[in-house]
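Residue numbers (the UniProt record's numbering): 1 to 416.
Beta carbons: idealized from backbone N, C-alpha and C, even for Gly.
Since this is a predicted model, take the numbers as computed values, not measurements.
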């Protein structure tokens with residue numbers, strides 16, 4: 001029998017951590033309490049940022065002042081968690097040490113104090129940090145707000161921009177600048193192909209959009225260094241050449257994996273956390289107890305770092321948690337509810353309330369990359385997405401309509 005109050009700690013609170021907390025409170029805990037009405041749960045969310053950042057829409061936000069209002073792009077995390085009352089605590093700070101032997105996380109708060117937080121179950125969702133605060137939070141969301149406003153102010157005054165990185169963010173940023181400032185000369189530098197890793201047809205279409213915008217595309221080259229003097233930036237490439245531009249935008253993805261507090265033996269060669277199964281349970285090193293420890297988001301070994309994959313990770317990991325708790329409560333989670341459960345009208349009478357392990361089922365080979373508000377490129381399950389579909393699905397509003405349900409948790413139906 002599990003103890004009456006289970007302490008659940010969630011490290012990180014942007015897309016992954018906030019989503020985890022909402023699913024636990026709205027869907028998982030109610031089901032588990034049906035198994036044992038005496039068991040209760042308390043969640044402690046540890047994160048340095050006070051605000052949620054809808055980074056998906058950052059390329060549009062930077063392209064033009066007022067394109068997306070600050071209070072649409074950034075929302076207080078406390079606003080979404082207050083509905084859960086005392087069952088959720090929020091600590092503004094960072095995990096600086098994990099001690100699995102005693103099942104404690106040492107947290108350094110934003111005001112410099114240290115405290116140990118005990119856990120029965122732990123979700124690691126600390127993600128990664130980009131070199132530029134334009135794309136990920138650098139602890140305080142005000143740094144990202146400032147960086148966005150600075151680009152807003154600079155873009156109308158420049159004649160040239162170099163974008164390092166030709167992944168989705170780099171291509172989307174080029175498209176937004178081309179739409180709002182067609183007179184600006186755009187150079188985009190890619191270490192591999194444009195939209196490397198996607199289907200060749202998707203990459204080819206993206207290059208056609210860039211060509212239409214008269215952008216200079218440099219593939220198989222890397223930015224080696226850059227320095228700014230008197231308002232101009234000299235960008236040095238690894239082939240010995242250089243470009244001098246009015247603005248340099250670094251969109252090369254993660255520059256740091258937020259793993260400083262984790263045992264090195266838990267990490268793969270890239271610094272990401274390895275899992276022991278397909279359900280996001282942490283593998284560990286065979287020494288310390290890692291039962292009830294899960295990992296989601298960009299910090300997962302093998303993650304493709306996409307929002308579509310993240311949603312599937314969160315659903316799977318919270319399912320793993322529910323199964324593990326149910327087993328501790330003495331329930332068999334392996335049995336099928338049987339064929340009778342699928343008979344219309346009467347099937348629900350035969351369904352078991354015991355949680356079952358959900359599979360990890362992301363929408364594979366699916367991504368939409370706008371090039372301005374009128375269209376773009378993409379693929380759905382590997383099939384090319386026409387430009388008009390990209391326009392309707394993402395390019396028009398950049399999915400800003402998803403912020404509200406992400407904050408409130410309304411994207412997850414509540415079980416009562």
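Asked, Found
"Residue range of the alpha helix (DSSP H) that includes residue 80", "77-81"
"Collapsed DSSP secondary structure at residue 376 in the structure displayed", "strand"
"Nearest-angstrom Cα separation, counted from residue 317 out to residue 331", "19 Å"
"For residue 255 and residue 129, believed in contact at Cβ under 8 Å, the rounded distance", "6 Å"
"Spatial neighbours of residue 394 in its chain, beta-carbon cut-off 7 Å, leaving aside the 5 residues before and after", "368, 370"
"From 119, 236, 87, 63, residue whose alpha carbon lies closest to that of residue 153", "63"
"Through-space distance from residue 405 to residue 467, alpha-carbon basis", "It is not possible to answer for residue 467, since the shown part of the chain is limited to 1 through 416."
"The region 293-307 touching the region 256-276, judged by at least three CB pairs closer than 8 Å", "yes"
"Which of helix, strand or coil DSSP assigns to residue 450", "This structure cannot speak to residue 450, because the chain is shown only from 1 to 416."
"Backbone CA spacing between residue 180 and residue 156 [nearest angstrom]", "9 Å"
"Whole-angstrom distance between residue 122 and residue 116, CA atom to CA atom", "14 Å"
"Sequence-distant residues of its chain with Cβ nearer than 7 Å to residue 427 (five each side left out)", "With the chain represented from 1 up to 416, any question about residue 427 goes unanswered, as that position is not in the structure."
"Through-space distance from residue 68 to residue 356, alpha-carbon basis", "41 Å"
"DSSP beta-bridge partners of residue 383", "380"
"C-beta atoms of residue 278 and residue 35 nearer than 8 Å", "no"
"Cα-Cα separation, residue 231 to residue 101", "53 Å"
"C-beta contact flag for residue 137 and residue 14 at 8 Å", "yes"
"Chain-order list of residues whose beta-carbon lies under 8 Å from that of residue 259 (same chain, five-residue window excluded)", "126, 267, 271, 272, 273, 299"
"Buried/exposed call for residue 383, threshold 16 Cβ in 10 Å", "exposed"
"Contained beta strand (DSSP E) runs [length at least 3] in the region 64-124, N- to C-terminal order", "74-76, 88-99, 104-109, 114-118, 121-124"
"Assigned secondary structure, residue 153 (DSSP; H/G/I helix, E/B strand, else coil)", "helix"
"Nearest-angstrom beta carbon gap, residue 87 and residue 39 [assumed within contact, 8 Å]", "Not confirmed; about 13 Å, so no contact."
"Option in 392, 162, 133 with minimal Cα separation from residue 54", "133"
"Residue 9 beta carbon near the ligand MG (any heavy atom closer than 7 Å)", "With respect to small molecules bound, the structure shown includes none, and the ligand MG cannot be examined in it."
"Same chain, Cβ closer than 6 Å to residue 206, five either side skipped, listed in chain order", "171, 194, 195, 377"
"Local conformation of residue 344 per DSSP, three classes", "Note that residue 344 scores 44 on pLDDT, short of 50, meaning its location in the model is unreliable; the coordinates nonetheless yield the value given after this. Coil at residue 344, not helix or strand."
"Closer than 8 Å to chain C by CB, residue 256", "Included in the structure is just one protein chain, with no chain C present."
"According to DSSP, residues forming a beta bridge with residue 232", "229"
"Given residue 213 as reference, the closest of 178, 189, 114 once Cα atoms are compared", "178"
"Length of the line joining the Cα atoms of residue 438 and residue 217", "No statement about residue 438 is possible, as the shown extent of the chain runs from 1 to 416 and does not include it."
"Buried or exposed by the 16-neighbour rule on C-beta atoms within 10 Å, applied to residue 220", "exposed"
"Separation of residue 140 from residue 59, as counted between CA atoms", "19 Å"
"With 16 other Cβ atoms within 10 Å as the buried cut-off, status of residue 276", "exposed"
"Rounded separation between residue 324 and residue 82 - CA only", "27 Å"
"Beta-carbon proximity list for residue 28, same chain, < 6 Å, skipping 5 on both sides", "318, 322"
"Bridge partners - residue 243, DSSP secondary structure assignment", "235"
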